[in-house]
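For the sequence shown, the working numbering begins at 11 and goes up steadily by one. Single-structure report; data block below.
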Amino acid sequence: MKTKKRIILFGALILLISSCKDYLEPWPNGNYDNENIWEYQDMVQGIINRCYDNIAAPGIANSQRCYNDNEGAFLDGVTDDAVITNTAHALRRYAVNALTTSNDPFATYWDRNYRTISQCNIFLKDRRGYNTRFMVKAVYNDQVRKRLQGEAFALRAYFEWDLLQRFGGKGTDGKMLGFPIITDVIDPYSEINYARNTYDECIAQIIKDCDSALFYLPLAYRDFLYPANTDLTYLGGKFWNRFDDTGVWAIKANVYLTWASPRFNPAGDIARWDSAARYAKKLIDFKLNVDQISSGSSFRPTGKVDWFNPNSPEIVFSTRYITGQTYMERLFYPGGFQGNGEIGATQELVNSFGMANGYPIDHELSGYDPDDPYKDRDPRFYSVIFHNARKANRLEDVKKPMYTFENWNEGISGKGKDAAGSRSDNSRTNYHIKKYVYMDVNWSDASVKNAPHSKFIYRWAHFVLAFAEAANRVTKDPNTALYGLTPKAAIKYMRARNTYDNAVPGFKSADPYLDEIASTGNWEDFENFVRNERRIETCFEGMRFYDLRRWTTGDAPGQGNWESVINQPVHGAYITETAAGEYEYDLNWQVEERKLPSPYNPIPYYEILRMDKLVQNVGWPTWN
Numbered sequence: 011m012k013t014k015k016r017i018i019l020f021g022a023l024i025l026l027i028s029s030c031k032d033y034l035e036p037w038p039n040g041n042y043d044n045e046n047i048w049e050y051q052d053m054v055q056g057i058i059n060r061c062y063d064n065i066a067a068p069g070i071a072n073s074q075r076c077y078n079d080n081e082g083a084f085l086d087g088v089t090d091d092a093v094i095t096n097t098a099h100a101l102r103r104y105a106v107n108a109l110t111t112s113n114d115p116f117a118t119y120w121d122r123n124y125r126t127i128s129q130c131n132i133f134l135k136d137r138r139g140y141n142t143r144f145m146v147k148a149v150y151n152d153q154v155r156k157r158l159q160g161e162a163f164a165l166r167a168y169f170e171w172d173l174l175q176r177f178g179g180k181g182t183d184g185k186m187l188g189f190p191i192i193t194d195v196i197d198p199y200s201e202i203n204y205a206r207n208t209y210d211e212c213i214a215q216i217i218k219d220c221d222s223a224l225f226y227l228p229l230a231y232r233d234f235l236y237p238a239n240t241d242l243t244y245l246g247g248k249f250w251n252r253f254d255d256t257g258v259w260a261i262k263a264n265v266y267l268t269w270a271s272p273r274f275n276p277a278g279d280i281a282r283w284d285s286a287a288r289y290a291k292k293l294i295d296f297k298l299n300v301d302q303i304s305s306g307s308s309f310r311p312t313g314k315v316d317w318f319n320p321n322s323p324e325i326v327f328s329t330r331y332i333t334g335q336t337y338m339e340r341l342f343y344p345g346g347f348q349g350n351g352e353i354g355a356t357q358e359l360v361n362s363f364g365m366a367n368g369y370p371i372d373h374e375l376s377g378y379d380p381d382d383p384y385k386d387r388d389p390r391f392y393s394v395i396f397h398n399a400r401k402a403n404r405l406e407d408v409k410k411p412m413y414t415f416e417n418w419n420e421g422i423s424g425k426g427k428d429a430a431g432s433r434s435d436n437s438r439t440n441y442h443i444k445k446y447v448y449m450d451v452n453w454s455d456a457s458v459k460n461a462p463h464s465k466f467i468y469r470w471a472h473f474v475l476a477f478a479e480a481a482n483r484v485t486k487d488p489n490t491a492l493y494g495l496t497p498k499a500a501i502k503y504m505r506a507r508n509t510y511d512n513a514v515p516g517f518k519s520a521d522p523y524l525d526e527i528a529s530t531g532n533w534e535d536f537e538n539f540v541r542n543e544r545r546i547e548t549c550f551e552g553m554r555f556y557d558l559r560r561w562t563t564g565d566a567p568g569q570g571n572w573e574s575v576i577n578q579p580v581h582g583a584y585i586t587e588t589a590a591g592e593y594e595y596d597l598n599w600q601v602e603e604r605k606l607p608s609p610y611n612p613i614p615y616y617e618i619l620r621m622d623k624l625v626q627n628v629g630w631p632t633w634n
């Protein structure tokens, strides 16, 4: 085995070192090597450009730059928010503890991340990328090389952070571990045997790379920030898909938020929460004070999130968009509507949406009727989930209905065409996903319309929620300001926003439940409230998977509260159509039981075999 330690994660670097063909463009004759590429500035820029390309989901056809990879809706299928329809899907098998070493859905991310980090290291090694001559005029050359140097550091930090999120955890040696930190160019033909660095060491490395990036990068790629500058490197577009200071602040805010959370902060270090709040607030302020006022970008804190606008002012950092496809609509529409119904929302997620008056459904003032469970709900619910008897209206024009969902399991006319079990391409929970769906797609039309799709990796709302959570921990009072904003005021932004379909929420001016929960002064109650708002706002974005882990404690069975949170059964709606044409609902219909063996993901099995210094995470004894 020792002679075969040509670790897969660096295997793709072979191509770069030997020919550069798969990584650098253009390649007129393919005769470049790792030395003479530095004479060709377009190829050197190609190193960084390919790193951006790697942000898209690896190995998933037709899904690049969309919200349908393991980082999105499918990853929510391992949480209490969603159920994956295909029971053979790798992530569904993970959810029920039936995962094998050969179909590990996270292994490809280990490979992708290290492959990209290697490219960053090549660019950064001995400042060779920085010292490349990119433009003839000195002032423009300086701007380009600084930008690329900063982007290289930012990209390395981004992929290091992805490694830490996915694979950080307590090892079988009892230590909290991260990933092997590699900042040098590695010869993949040499024997490689790395140990995992500690979790805190990985945090320090990511923060260091972020700070290095901030030294070189511009504040933001916005035309209006450079009124006297004629350099086309910075002007001409927003560049949502390239790192600037705002994108790096986003990384730091997320890193500190996770590091401050109970799982990774047993001593309760408040400074970590404060750092998370500080960087989140910088992003809030930039949008409010720069993008809203100066740019003409039409950013408004109460405006809707336009998932189909690649220049949406909500974006902090995103992938490049893709056009000419309807993959997302196929993914979420049920079989009866010519879709695949691959993921369904759980009853648990449905219950997290309150009522139109702002109160949760279990509050005495909510007015919730279990016999009519979809009546007078929080308007955000209708923009996120399709339920039984809901009409799909073209671009929310009630005069242009395209479809009516029929999800009853039994009734006078048999099963509804979209009911769980009636077809293999219907949701198992009797709920379908509306979020990210372009409501002008109808494959029955002579000409199918579509819209751009991209992946909003970081957006403004994420950091409003992060600030509310972190600031509440620091102040211990939702009404006490930190950096000029109270946690209550931050959440008000979320609850006063227009919904994704541009409906107006019922609590734009008055929000009695927010007032009630904040008036108690109990920071723990308010934190639970914030967590629910985060669940509603970010559902199907792949964030809850990591949120549930950072909020819980314990590692082994019977330790901490992780089992009671992560390993709970999930439910759907069992619906019966009556003779009168009405519906009866059983909302305690169990669909799936979760049996995750650990709060941590496994280190890829084959990497453990190749590097005997790697320590596996607890809960995966047969993966060593």
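Backbone N, C-alpha and C define an ideal beta-carbon position, used for all residues, glycine too.
Alpha-carbon spacing of residue i relative to residue j, whole angstroms
i      : j      : result
ALA491 : ILE217 : 26 Å
GLN626 : LEU229 : 40 Å
ALA164 : TYR150 : 21 Å
GLN129 : THR333 : 28 Å
ILE191 : PHE363 : 41 Å
TRP120 : GLY82  : 17 Å
ARG390 : GLY368 : 11 Å
GLU617 : ASP381 : 53 Å
GLY568 : SER608 : 11 Å
ASN489 : VAL540 : 14 Å
PHE555 : ASN299 : 32 Å
ALA1   : ALA66  : The requested residue 1 is not part of the displayed model; the chain covers only 11 to 634.
THR562 : ASP52  : 47 Å
LEU158 : LYS147 : 17 Å
ALA430 : LEU101 : 20 Å
GLN600 : THR95  : 14 Å
ASN131 : HIS99  : 35 Å
ARG604 : VAL575 : 10 Å
ARG438 : GLU592 : 21 Å
Identified DSSP bridge partners for residue i
i      : result
THR208 : LEU187
GLY421 : GLU587
GLY582 : TRP599
MET365 : ARG387
THR414 : LYS401
ASN627 : GLY181
With 16 other Cβ atoms within 10 Å as the buried cut-off, status of residue i
i      : result
LYS135 : exposed
PRO631 : exposed
ASP407 : exposed
PHE225 : exposed
ASN80  : Legend: pLDDT at ASN80 = 43, less than 50; position of this residue unreliable, value from coordinates given subsequently. With 16 or more other Cβ atoms within 10 Å, it is buried.
ASP114 : buried
TRP453 : exposed
SER457 : exposed
LYS445 : buried
ARG137 : exposed
GLN55  : buried
LYS401 : exposed
GLU170 : buried
GLN578 : exposed
PRO320 : buried
LEU423 : For clarity, residue 423 is Ser in the given sequence; the question names Leu instead. Answer is exposed; the Cβ neighbour count stays below 16.
Secondary structure of residue i, DSSP reduced to three states
i      : result
GLY40  : Any reading at GLY40 must be qualified, since the residue scores a pLDDT of 49, below 50, and its modelled position is unreliable; the value itself is stated next. Reduced to three states, the DSSP call for GLY40 is coil.
ASN598 : strand
GLY313 : coil
PRO522 : helix
ARG483 : helix
ASN72  : Only weak support exists for where ASN72 lies, its pLDDT of 41 falling under 50; the value from the coordinates is given anyway. Here ASN72 sits in coil by DSSP.
THR97  : coil
TYR610 : coil
ILE47  : helix
ALA456 : coil
ILE618 : helix
ALA528 : helix
ILE202 : coil
VAL300 : helix
ILE325 : strand
Task: Cβ contact (3+ pairs, closer than 8 Å) linking the segment 413-421 and the segment 306-320 - done: no
TODO: Could you say if the segment 477-490 and the segment 278-291 meet the contact criterion of at least three C-beta pairs nearer than 8 Å?
DONE: yes
Task: Any 3 or more C-beta pairs closer than 8 Å across the segment 324-341 and the segment 540-550 - done: no
Task: Segment contact flag, the segment 84-103 with the segment 342-357, C-beta cutoff 8 Å, min 3 pairs - done: yes
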